[in-house]
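Okay, so the sequence shown: first residue is 32 according to our numbering, each after it adds one. No residue lacks a Cβ here, since even glycine has one placed at the ideal position from N, Cα and C. From a predicted model like this one, the values you see are computed outputs, not experimental measurements. For reference, the structure discussed in these notes is given below.
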Amino acid sequence: MIRRRVALRLYVFAFAFSGLVTLGLTALQVFGDHRSGVELARAAAKLLAIHGAATFSVGLFVIYLTNRLLMQHLRAIAHAADSSDYQHAPRSLDLVRRRSATLDELDRVVLAFNAMGTRLYCSHMIRDELNARVAQLTGELAQARHDLSARTDERERGESRETLREFGAYMEATREDERKRIALEIHDELGQLLTALKMDVSLLKMRLTAPDLLEKVADMRVLVDQTIWMVRNVANDLRPAALNFGLTSALEWLTDDFARRNGIPCQFRMNGSEPVLAEAHATAVFRIVQESLTNVTRHSRATCVHVTLNINERGFDLHINDNGGGFDPDTARNGYSYGLLSMSERARLIGAWLRIDSAPGAGTTVSVSVPLCGGTLARPEESCLL
Numbered sequence: 032m033i034r035r036r037v038a039l040r041l042y043v044f045a046f047a048f049s050g051l052v053t054l055g056l057t058a059l060q061v062f063g064d065h066r067s068g069v070e071l072a073r074a075a076a077k078l079l080a081i082h083g084a085a086t087f088s089v090g091l092f093v094i095y096l097t098n099r100l101l102m103q104h105l106r107a108i109a110h111a112a113d114s115s116d117y118q119h120a121p122r123s124l125d126l127v128r129r130r131s132a133t134l135d136e137l138d139r140v141v142l143a144f145n146a147m148g149t150r151l152y153c154s155h156m157i158r159d160e161l162n163a164r165v166a167q168l169t170g171e172l173a174q175a176r177h178d179l180s181a182r183t184d185e186r187e188r189g190e191s192r193e194t195l196r197e198f199g200a201y202m203e204a205t206r207e208d209e210r211k212r213i214a215l216e217i218h219d220e221l222g223q224l225l226t227a228l229k230m231d232v233s234l235l236k237m238r239l240t241a242p243d244l245l246e247k248v249a250d251m252r253v254l255v256d257q258t259i260w261m262v263r264n265v266a267n268d269l270r271p272a273a274l275n276f277g278l279t280s281a282l283e284w285l286t287d288d289f290a291r292r293n294g295i296p297c298q299f300r301m302n303g304s305e306p307v308l309a310e311a312h313a314t315a316v317f318r319i320v321q322e323s324l325t326n327v328t329r330h331s332r333a334t335c336v337h338v339t340l341n342i343n344e345r346g347f348d349l350h351i352n353d354n355g356g357g358f359d360p361d362t363a364r365n366g367y368s369y370g371l372l373s374m375s376e377r378a379r380l381i382g383a384w385l386r387i388d389s390a391p392g393a394g395t396t397v398s399v400s401v402p403l404c405g406g407t408l409a410r411p412e413e414s415c416l417l
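Here it is as structure tokens:
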């Protein structure tokens, strides 16, 4: 359209030039009567040369102005394209407004450039937003993968610990069964043999009359009695026969035996009716009390021990309290006291909670909470658990 406008302007100038030529020839014709033909030709040639030169000069000036305007806007477009990084909103170029209300090619180029800049800016914004979203999702996926790996490792460790505990429970049950079998064999077979030997020694004593032989037989009887007593102790250490008559009977025998052996008063008290427990549960509770009394003998320097059994409809609580020197449970826990760990593991295997309250110089209380018939008991404070 720019070229058409330039051509139209040149055409107007050419048309004006033709009109001037015609006007000049007419003037020459009117005034030709007063001049000669040579003068008329010279005047016409001069007029044509002047008018042609003027028309050519005006055309060149118009072309120069048009080219200057076009190059000015093209440089503005090129500068805007070079200076735009599209990280920020692009600067729009102004339209070349003239008297004409219509848009020419230059105006359309400016509008197209502005639209292109806006689209590129929007594209960069969308790309940056997508990159940020991808980075965010990548971070979330990495964190989710890390969490999943941690949960998987924790689950595997938990499964391994549970497997080890199940194996430990199986080994403990096997060990208790073996103790029970050996105790029964010692009590039934070896005990019967020793009883028969004692009877034979008594019969032999009745038939002998020599003093030296009677003295020897008396020594043999004492030795047999000591052996029988030792066998019974070994059998009871392996598995007390009192466990066959219930947990209460076993605890009564245990406290009496502890007081007799160590010379430390040990009182047992039960509140409520005797609980009905499976053999494995009764054995575990008995072993916990036995280990607690062993710790009293070895470490506490106590002068009195109380064992209390409180029974209710949900379960029972067992407390072993002494007035000894006490200890720091945290130090014992960090020091891996195998006796305390054994007590805690036995309690866990039967679904019970074990709590130890102690302090240096304040004595020690071991508490065991055992649910009955699917009952649930409140969990003791974590700081006291082992």
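I believe residue i touches residue j by the beta-carbon criterion, under 8 Å. Please report the beta-carbon distance rounded to the nearest angstrom.
i, j, result
"residue 203", "residue 372", "Actually they do not touch by this definition, with Cβ atoms about 13 Å apart."
"residue 232", "residue 262", "That pair is no contact at about 16 Å."
"residue 400", "residue 346", "6 Å"
Note down the Cα distance separating residue i from residue j, rounded to an integer number of angstroms.
i, j, result
"residue 85", "residue 92", "11 Å"
"residue 300", "residue 241", "54 Å"
"residue 146", "residue 152", "10 Å"
"residue 97", "residue 139", "16 Å"
"residue 283", "residue 190", "39 Å"
"residue 313", "residue 171", "52 Å"
"residue 378", "residue 253", "42 Å"
"residue 320", "residue 230", "38 Å"
"residue 258", "residue 225", "8 Å"
"residue 250", "residue 227", "17 Å"
"residue 370", "residue 316", "14 Å"
"residue 214", "residue 177", "54 Å"
"residue 186", "residue 209", "34 Å"
"residue 161", "residue 149", "18 Å"
"residue 94", "residue 109", "22 Å"
"residue 99", "residue 106", "10 Å"
"residue 132", "residue 102", "Note that residue 132 has pLDDT 46, beneath the 50 cutoff, so the model's placement of it is unreliable and no number is given."
"residue 144", "residue 88", "35 Å"
"residue 183", "residue 167", "24 Å"
"residue 76", "residue 142", "50 Å"
"residue 205", "residue 212", "10 Å"
"residue 292", "residue 188", "44 Å"
Suppose contacts are defined by Cβ-Cβ distances below 9 Å. Is residue i in contact with residue j by that definition?
i, j, result
"residue 398", "residue 361", "no"
"residue 324", "residue 307", "no"
"residue 327", "residue 288", "no"
"residue 248", "residue 217", "no"
"residue 341", "residue 303", "yes"
"residue 199", "residue 376", "yes"
"residue 270", "residue 322", "no"
"residue 339", "residue 330", "no"
"residue 277", "residue 333", "no"
"residue 290", "residue 280", "no"
"residue 237", "residue 318", "no"
"residue 403", "residue 344", "yes"
Span of the alpha helix (DSSP H) holding residue i?
i, result
"residue 219", "First-last for residue 219: undefined, no H or E at that position."
"residue 370", "369–380"
"residue 265", "242–269"
"residue 319", "310–326"
"residue 292", "278–293"
Going by other Cβ atoms of all chains shown within 10 Å of its Cβ, with 16 needed for buried, is residue i buried or exposed?
i, result
"residue 286", "buried"
"residue 180", "exposed"
"residue 165", "exposed"
"residue 260", "exposed"
"residue 383", "buried"
"residue 81", "exposed"
"residue 83", "exposed"
"residue 385", "buried"
"residue 357", "buried"
"residue 294", "exposed"
"residue 157", "exposed"
Kindly examine the ligand MG and report whether one of its heavy atoms sits closer than 8 Å to the Cβ of residue i.
i, result
"residue 167", "Of the ligands one can find in the structure shown there are none, so the ligand MG has no counterpart to examine."
Following the continuous beta strand (DSSP E) through residue i, name the residue where it begins and the one where it ends.
i, result
"residue 350", "346–353"
"residue 403", "Segment: none, residue 403 is in no beta strand (DSSP E) and carries neither H nor E."
"residue 386", "384–389"
"residue 335", "Element bounds for residue 335: n/a, residue is neither H nor E."
"residue 343", "Careful: residue 343 lies outside any beta strand (DSSP E) and carries neither H nor E."
"residue 302", "297–302"
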